[in-house]
Amino acid sequence: VSGPAKPAGGQNPVPASPAPAAPLNKEYLPMVEPAGPLELDWPELDFARRLVLLAQKRKMVAFLTTPRDLDFTDHFAIGYIVKSEAENTWYMEQFPFPRVIYNRVGMLIEDEDQAKYGYLFSEFFPAEDKIHIFNCAWLNKWNVYQILRTVAGLKVNIPATDRFTLETLAEFLNRFSRVYIKPQEGSQGKGIIRVTKWPDVYFCEFHTDCGKRRSQVCNDLDQIKEPLLPNEDYLVQQGVQLASINGRIVDFRVHVIKNGYGEWEAVAAVGRRAPRQGVMTHGWCGGSYELAEGLMQQLFSDRASAYFSDLNQAALAIARYLDSRLPQALAELGLDLGLDQDGAPWLLGVNERPNRVLLRLVDKQAEERLASLLLDYCGYLAGA
Numbered sequence: 017v018s019g020p021a022k023p024a025g026g027q028n029p030v031p032a033s034p035a036p037a038a039p040l041n042k043e044y045l046p047m048v049e050p051a052g053p054l055e056l057d058w059p060e061l062d063f064a065r066r067l068v069l070l071a072q073k074r075k076m077v078a079f080l081t082t083p084r085d086l087d088f089t090d091h092f093a094i095g096y097i098v099k100s101e102a103e104n105t106w107y108m109e110q111f112p113f114p115r116v117i118y119n120r121v122g123m124l125i126e127d128e129d130q131a132k133y134g135y136l137f138s139e140f141f142p143a144e145d146k147i148h149i150f151n152c153a154w155l156n157k158w159n160v161y162q163i164l165r166t167v168a169g170l171k172v173n174i175p176a177t178d179r180f181t182l183e184t185l186a187e188f189l190n191r192f193s194r195v196y197i198k199p200q201e202g203s204q205g206k207g208i209i210r211v212t213k214w215p216d217v218y219f220c221e222f223h224t225d226c227g228k229r230r231s232q233v234c235n236d237l238d239q240i241k242e243p244l245l246p247n248e249d250y251l252v253q254q255g256v257q258l259a260s261i262n263g264r265i266v267d268f269r270v271h272v273i274k275n276g277y278g279e280w281e282a283v284a285a286v287g288r289r290a291p292r293q294g295v296m297t298h299g300w301c302g303g304s305y306e307l308a309e310g311l312m313q314q315l316f317s318d319r320a321s322a323y324f325s326d327l328n329q330a331a332l333a334i335a336r337y338l339d340s341r342l343p344q345a346l347a348e349l350g351l352d353l354g355l356d357q358d359g360a361p362w363l364l365g366v367n368e369r370p371n372r373v374l375l376r377l378v379d380k381q382a383e384e385r386l387a388s389l390l391l392d393y394c395g396y397l398a399g400a
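Those letters in the sequence shown? Residues 17 to 400, per our numbering, in order.
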């Protein structure tokens, strides 16, 4: 990654000589990334550095690697490490093939990366029973809804959802009066439209790519459809009347992760507040982040502690159930949850590769706890 990966003078770091082969009973715990840290300005590089250094303190080896840096024939990996807390330079070294891989790959642009990534999961890993990899699932919103919609005992409400057509949109607006239209494969709340049924017209609200709120009165359903991308699949979802403060809706991101016993823990939570009259709570469209407990206290005062516990329990129940139903191993999720005005929890979204940047903004210790639990879980897998 450029920037923090460059030493003084602006030169790219000279790759270090390959390290001598380490004993094979060492635990090698890489995080797969779309490009090496000498090439990519990755927002999670600081967390990766923290994880690598913490692993070294535990006599473990963690390194960053990429799909193209894994040699499937000779079973070694090219990886990137930092060597001390006093510097930010990343060094390239050769390592034995990893025992455990923590997948953080998002969008892959290069054909070579896509081909290797596809081979990794379609052919290589199914044949390797001694290599563990987790967080490989892509959680399509529609598939998640199909899995969760009829489950009893989750202690969380699931908004009614269906594939978008003009017919389903009309049906949902008759049932709920307010609905959300969402890209099926979208992230960060981008592309979402909120539609409210008024007498004889429809009131549509959305945020532009630069975060500005826009609204439009539509006379018919065809007008609502106009801004939708033609090659994008959309869902229509029941609008939930979430609790709000001074006209700003509130929701929560609960970060859950597996521990050293392979069990799920709720390790961090962030409260999110939409801008006034905003459609969403995300920071890119004017939302603000704060400690979840404090925001819950403002919403519900005497019941805040109980509702916060309910929120965490709902997140854990969802994580456990998805983990039991999906073929790919999960170990980390970000659950977006809201509370209605009666304090009942609602699931708003499931994120398979949750962004930790917002955690860092409100809870300085959250990343330390996450890094520690990740290494605990990797150690658990390596010893399995």
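Glycine residues also receive a C-beta, built at the ideal position from the N, C-alpha and C atoms.
query                                                                                                                                                             : result
Taking contact to mean 3 or more Cβ pairs, one atom from each stretch, closer than 8 Å, check whether the stretch 269-280 and the stretch 319-334 are in contact. : yes
Entirely within the stretch 283-308 and at least 3 residues each: give me those beta strand (DSSP E) ranges in chain order.                                       : 304-307
Do H148 and L342 have their C-beta atoms within less than 7 Å of each other?                                                                                      : no
Between the Cα of L315 and those of G354, L375, V160, L386, spot the shortest distance and give me the residue it belongs to.                                     : G354
Could you give the residue range of the alpha helix (DSSP H) that holds V378?                                                                                     : 373-378
Would the beta-carbon of K157 fall within 7 Å of that of L251?                                                                                                    : yes
What does the Cβ neighbour count give for A131, buried or exposed, with the cut at 16 atoms within 10 Å?                                                          : exposed
Over the uninterrupted alpha helix (DSSP H) stretch that includes K132, give me the two end residues.                                                             : 127-135
Are the CB atoms of L80 and Y96 within a distance shorter than 7 Å?                                                                                               : yes
From E248 to K241, what distance separates their C-alpha atoms?                                                                                                   : 12 Å
I need the straight-line Cα distance from E384 to L377, nearest angstrom please.                                                                                  : 13 Å
Which residues in the same chain have their Cβ closer than 8 Å to the Cβ of V98, if we skip the five residues on either side of it in sequence?                   : R65, V68, L69, N104, T105, W106, Y107
Restricting to Cα atoms, I'd like to know which of G310, C234, G202 is closest to V366.                                                                           : G202
Can you tell which of R319, P175, C152 has the C-alpha that lies nearest to the C-alpha of Q162?                                                                  : P175
What three-state label does DSSP hand F141 in the structure shown?                                                                                                : helix
Considering only the alpha carbon of each residue, which of D225, V217, T224, G276 lies closest to N235?                                                          : V217
So, at 8 Å on beta carbons, what are the nonlocal neighbours of D238 in its own chain, with the 5 sequence-adjacent residues on each side left out?               : L182
Going by DSSP in three states, M312 sits in which element: helix, strand or coil?                                                                                 : helix
Beta carbon of T297, beta carbon of A308: below 7 Å?                                                                                                              : no
Among the candidates F180, S100, F141, whose CA atom is the shortest distance from the CA of P113?                                                                : The sequence as given places Phe at residue 113; Pro does not occur at that position. Nearest C-alpha to F113: F141.
Verify the contact flag: F219, CB atom, against every heavy atom of the ligand NAD, threshold strictly below 6 Å.                                                 : The ligand NAD is not among the ligands present in this structure, which contains no ligands whatsoever.
What is the DSSP secondary structure of C152, counted as helix, strand or coil?                                                                                   : coil
Could you spell out where the alpha helix (DSSP H) holding P326 opens and where it closes?                                                                        : The displayed chain sequence assigns Asp, not Pro, to residue 326. From DSSP, the alpha helix (DSSP H) with D326 extends over 320-341.
Where are the alpha helix (DSSP H) runs, 4 residues long or more, that stay fully inside the stretch 68-104, in chain order?                                      : none
Can you tell me whether E279 is helix, strand or coil according to DSSP?                                                                                          : coil
Taking the beta carbon of W214 as the centre, do at least 16 other beta carbons fall within 10 Å, making it buried, or is it exposed?                             : exposed
Tell me where the beta strand (DSSP E) around K198 begins and ends.                                                                                               : 194-199
What does the alpha-carbon distance come out to for the pair E144 and T82?                                                                                        : 18 Å
Under 7 Å between the Cβ atoms of E306 and G287?                                                                                                                  : yes
Alpha carbon to alpha carbon, how far is L346 from V233?                                                                                                          : 43 Å
Skipping 5 residues on each side, what residues in its chain have a beta carbon closer than 7 Å to that of A282?                                                  : V270, V272, N328, A331, L332
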